[in-house]
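Engineer:
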DNA sequence: GCGGTTAGGTCTCTAAATGAGACCTGTATT
DNA sequence: AATACAGGTCTCATTTAGAGACCTAACCGC
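Chains as they are written, first to last, in my numbering: chain A, 1 to 129; chain B, 1 to 129.
1. Which value, in whole angstroms, describes the spacing of the CA atoms of residue 171/B and residue 41/B?
2. Mapping DSSP to helix, strand and coil, what is residue 1/A?
3. Classify residue 121/A as buried or exposed, calling it buried when 16 or more other Cβ atoms lie within 10 Å of its own Cβ.
4. Spell out the partners DSSP gives residue 80/A in its beta bridges.
5. For the segment 18-37 of chain A, list every residue whose C-beta sits within 8 Å of some C-beta in chain B, in sequence order.
6. Please list, in chain order, the chain B residues whose beta carbon lies closer than 8 Å to that of residue 90/A.
7. Go ahead and label residue 71/B buried or exposed: buried means 16 or more other beta carbons lie within 10 angstroms of its beta carbon, across all protein chains shown.
8. Quick one: Cα of residue 112/A to Cα of residue 30/A, how far?
9. Excluding the five sequence neighbours on either side, which residues of its own chain have a C-beta within less than 8 Å of the C-beta of residue 49/B, listed in chain order?
10. Residue 62/B lies in the alpha helix (DSSP H); which residues open and close that run?
11. Count the other CB atoms, across all protein chains shown, that sit within 10 Å of the CB of residue 117/A; report buried if there are 16 or more and exposed otherwise.
12. Mind checking the segment 104-115 of chain A against chain B and listing, in chain order, the residues whose C-beta falls within less than 7 Å of any C-beta there?
13. For a contact meaning CB atoms closer than 8 Å, what does residue 39/B contact in chain A?
14. Decide if the segment 54-72 of chain A is in contact with the segment 56-66 of chain B; the criterion is three or more beta carbon pairs, one per stretch, under 8 Å apart.
15. Closer than 9 Å by beta-carbon distance: list the chain A residues that pair up with residue 73/B, in chain order.
16. How would you write the range of the alpha helix (DSSP H) that residue 21/A sits in, first residue to last?
17. Kindly say whether residue 118/A, judged by its beta-carbon, lies nearer than 9 Å to any beta-carbon of chain B.
18. Grab me the residues of residue 59/A's own chain with a C-beta within less than 7 Å of its C-beta, minus the 5 sequence neighbours each way, in chain order.
19. Just the Cα atoms here: how many angstroms apart are residue 28/A and residue 35/B?
20. What residue does the alpha helix (DSSP H) around residue 34/B start on, and which one ends it?
21. Count the other CB atoms, across all protein chains shown, that sit within 10 Å of the CB of residue 75/A; report buried if there are 16 or more and exposed otherwise.
22. Which first and last residues belong to the alpha helix (DSSP H) in which residue 54/A is found?
23. Under 8 Å Cβ to Cβ from residue 130/B, same chain only, skipping five residues before and after it: list those, please.
24. Please report how far the alpha carbon of residue 87/A lies from the alpha carbon of residue 97/B, in whole angstroms.
25. Near residue 94/B, what residues of its chain come up, given a Cβ to Cβ distance below 6 Å and the 5 sequence neighbours on each side ignored?
Here it is in structure tokens:
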């Protein structure tokens, strides 16, 4: 497995990607940062409206919600639809691209859950010394 | 798949996890943030020393490297070993826990790479309007 | 028809996180 | 004696994130 990643890193650097402009980095940043992760998990459950997301994620600010949603929309990971009701309503849902990402995200959550006992133990060991 | 995640979110909230103290969130934050991701990819290739990592990640600062390494060490995802050479050398390597995480991370990178054309297209559409 | 509420944001201001880079300790090198 | 390297820490400037006021338009109760 490491060789795969080794080759990729090689390829990338050979293709002259300055670290800062690596597109994969950018996507991962958008997708794996704190709020985007939680937003995607929510939208994986069902499409949601702006304020619904706000209520589902009690500790996000409107500002960060807007910003994260825009990034994900721009990357084609979710879709924003405005309905001309009164007041107008806006729903967000995963695109196929976003759906394709979800299993990986859930795998991560699963890994974290399963690993929690070990992680907690490691922390205690670390903090004791 | 969504039901799985639905149940988890349910469970968590039922267990009275305030969003802020959710341990899984914390681990994901440590593991999926910008620098930790890159560090783990590097250490997935081979164990490395501090300055070696610094050179491999040309745009990280010492400060953030130290900090990220400490977090990952505390969570038991990597191991720090000091050798009493002169000058003393310090190597970082993945623990079993960390090795277990690597495939998921590589899957994400892979998803991002495969999805790049679609993502780039989505961005252009978004920016045009 | 006045006050309050909802949706979906934006704007401003403050607080916290990050980045750049000087500095430190100890040994070896020239 | 001066310089270099490893592996950091410390300080300070810049970025980013968070809290919350504000906005528009429409509806509800009374």
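Think of the CB as a built atom: it goes at the ideal place given N, C-alpha and C, for glycine as much as any other residue.
Structural biologist: By the coordinates alone:
1. Residue 171/B is absent from the model: chain B starts at 1 and stops at 129.
2. For the purposes of this step, residue 1/A is taken as residue 1 along the first chain, with counting starting at 1. With a pLDDT of 40 at residue 1/A, under the threshold of 50, the modelled position of that residue is not reliable, and no figure is offered here.
3. Counting from one through the first chain, the residue named residue 121/A turns up at place 121. Label assigned to residue 121/A: exposed.
4. For this step, residue 80/A is matched to residue 80 along the first chain. Answer is 92/A, bridged to residue 80/A.
5. 19, 20, 23, 24, 25, 27, 28, 29, 31, 32, 33, 34 and 37
6. Position 90 of the first chain, counting from 1, holds the residue named residue 90/A. The contacting residues do not exist; residue 90/A stays about 16 Å from chain B at best.
7. Stepping through the second chain from its first residue, residue 71/B is reached at position 71. So residue 71/B counts as buried.
8. As a working note, residue 112/A is residue 112 in the first chain. As a working note, residue 30/A is residue 30 in the first chain. Their Cα atoms are separated by approximately 20 Å.
9. Residue numbering aside, residue 49/B sits at position 49 when the second chain is read from its first letter. For residue 49/B, where only same-chain residues beyond five positions count, the Cβ hits under 8 Å are 89, 90, 91 and 92.
10. Reading the second chain from its first residue, position 62 is the one you call residue 62/B. First-last of the alpha helix (DSSP H) with residue 62/B: 62-74.
11. Here residue 117/A corresponds to residue number 117 of the first chain, with the count starting at 1. Exposed, because fewer than 16 other Cβ atoms sit within 10 Å of the Cβ of residue 117/A.
12. 104, 106, 107, 108, 109, 111, 112, 113 and 115
13. What you label residue 39/B is simply residue 39 of the second chain in a count that begins at 1. Per Cβ cutoff of 8 Å: no residues; residue 39/B is ~13 Å from chain A at best.
14. no
15. On the second chain, residue 73/B is found 73 positions in, with the first residue counted as 1. Per Cβ cutoff of 9 Å: 122 and 126.
16. Translated into the one-based positions of the first chain, residue 21/A becomes position 21. Premise fails: residue 21/A is in no alpha helix (DSSP H) and is neither H nor E.
17. Here residue 118/A is taken as the residue at index 118 of the first chain, counted from 1. Answer yes: the Cβ-Cβ gap between residue 118/A and chain B drops below 9 Å somewhere.
18. Counted from its first residue, the first chain places residue 59/A at position 59. Around residue 59/A: no qualifying Cβ.
19. By 1-based counting over the first chain, the position of residue 28/A is 28. By 1-based counting over the second chain, the position of residue 35/B is 35. Rounded to whole angstroms, residue 28/A to residue 35/B spans 11 Å at the Cα level.
20. Within the second chain, the letter at position 34 stands for residue 34/B. Run containing residue 34/B: 34-45, per the alpha helix (DSSP H) assignment.
21. If you number the first chain from 1, residue 75/A lands on position 75. Buried: at least 16 other Cβ atoms inside 10 Å.
22. One-based indexing of the first chain puts residue 54/A at position 54. Element bounds for residue 54/A: 50-56.
23. Absent from the structure is residue 130/B, since the part of chain B shown begins at 1 and ends at 129.
24. Against the first chain, residue 87/A aligns to sequence position 87. Against the second chain, residue 97/B aligns to sequence position 97. Going from the Cα of residue 87/A to the Cα of residue 97/B covers about 50 Å.
25. Start at 1 with the first residue of the second chain, and residue 94/B comes out as number 94. Answer for residue 94/B: 43 and 78, listed in chain order.
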